[in-house]
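In the working numbering, the protein residues as written are 7 to 245.
In this text, a Cβ means the ideal position worked out from N, Cα and C, and glycines have one as well.
Report on one structure; see the data block that follows.
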């Protein structure tokens with residue numbers, strides 16, 4: 007039987023960062039208010055150009071994008087984001103008044119991960135956001151992450167290897183959560199700096215190396231392999 011630690015009854019919500027791109031101010035405020043009420047950090051843009059710039063700069067955990075935007079349409083914004091290496095994996099929910107099947111297919115084929123037709127229930131949109139984050143960034147919504155004999159409980163801020171508790175500092179905990187969300191993916195030092203310390207941090211790549219070394223030391227157990235692989239000249243991945 008696979009051992010899994012018990013989850014708390016009330017799971018806390020991590021402050022995932024969500025970018026909302028919507029030109030209608032009333033809708034923008036409504037969505038932003040409800041996201042913040044759930045504990046999310048919200049960034050707002052009222053045009054496609056502004057949304058593109060902000061997405062590239064802040065690398066949000068999720069984007070909510072309106073189809074009908076002035077100048078650059080939501081479809082073009084989506085196409086641009088999915089074409090860029092730094093933003094192509096950011097999950098994206100498209101909002102639109104276009105309910106025809108052909109339009110939904112076009113939106114999804116452009117790269118949207120989900121599609122919500124206006125008028126929509128704000129509660130449904132919030133549920134879609136949480137469901138999307140559970141799939142793409144489990145640690146952001148208080149989920150348990152597991153990889154081989156390693157378990158991370160983000161709600162209780164606990165880590166176990168082979169059922170033995172591992173004590174980690176806050177930075178090492180965030181580093182491990184990022185690595186465990188995408189095992190075997192190679193993370194550059196630059197990307198780890200953005201995800202763990204924030205886009206505007208003043209630290210250099212050496213900071214990443216120091217905390218990875220601390221994380222490895224904490225996870226080390228007798229006769230057990232090293233879980234974090236160094237990819238020379240690039241970064242790190244969880245094996």
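C-beta contact flag for residue i and residue j at 8 Å
{"i": "residue 181", "j": "residue 217", "result": "yes"}
{"i": "residue 244", "j": "residue 163", "result": "no"}
{"i": "residue 67", "j": "residue 139", "result": "yes"}
{"i": "residue 65", "j": "residue 92", "result": "yes"}
{"i": "residue 197", "j": "residue 209", "result": "no"}
For residue i, the first and last residue of its enclosing beta strand (DSSP E)
{"i": "residue 51", "result": "47-51"}
{"i": "residue 243", "result": "241-244"}
{"i": "residue 152", "result": "150-153"}
{"i": "residue 24", "result": "23-27"}
{"i": "residue 142", "result": "Per DSSP, residue 142 belongs to no beta strand (DSSP E); it is in the alpha helix (DSSP H), 128-142."}
{"i": "residue 100", "result": "98-102"}
Closest residue to residue i among the options (Cα-Cα distance)
{"i": "residue 33", "options": "93, 65, 69 and 101", "result": "101"}
{"i": "residue 98", "options": "42, 142 and 198", "result": "142"}
{"i": "residue 221", "options": "176, 137 and 196", "result": "176"}
{"i": "residue 233", "options": "155, 92, 36 and 103", "result": "155"}
{"i": "residue 240", "options": "230, 215, 229 and 219", "result": "215"}
{"i": "residue 89", "options": "117, 212 and 103", "result": "117"}
{"i": "residue 184", "options": "166, 231, 203 and 170", "result": "203"}
{"i": "residue 111", "options": "81, 212, 96 and 238", "result": "81"}
Limits of the unbroken alpha helix (DSSP H) element including residue i
{"i": "residue 122", "result": "Looking at the DSSP string, residue 122 is not in any alpha helix (DSSP H); the run it does join, the beta strand (DSSP E), is 120-123."}
{"i": "residue 184", "result": "176-187"}
CB-CB length for residue i against residue j, believed under 8 Å
{"i": "residue 135", "j": "residue 24", "result": "7 Å"}
{"i": "residue 174", "j": "residue 127", "result": "The Cβ separation is near 39 Å, so there is no contact."}
{"i": "residue 168", "j": "residue 227", "result": "7 Å"}
Does the stretch 72-87 touch the stretch 49-56, meaning 3 or more C-beta pairs lie closer than 8 Å? yes
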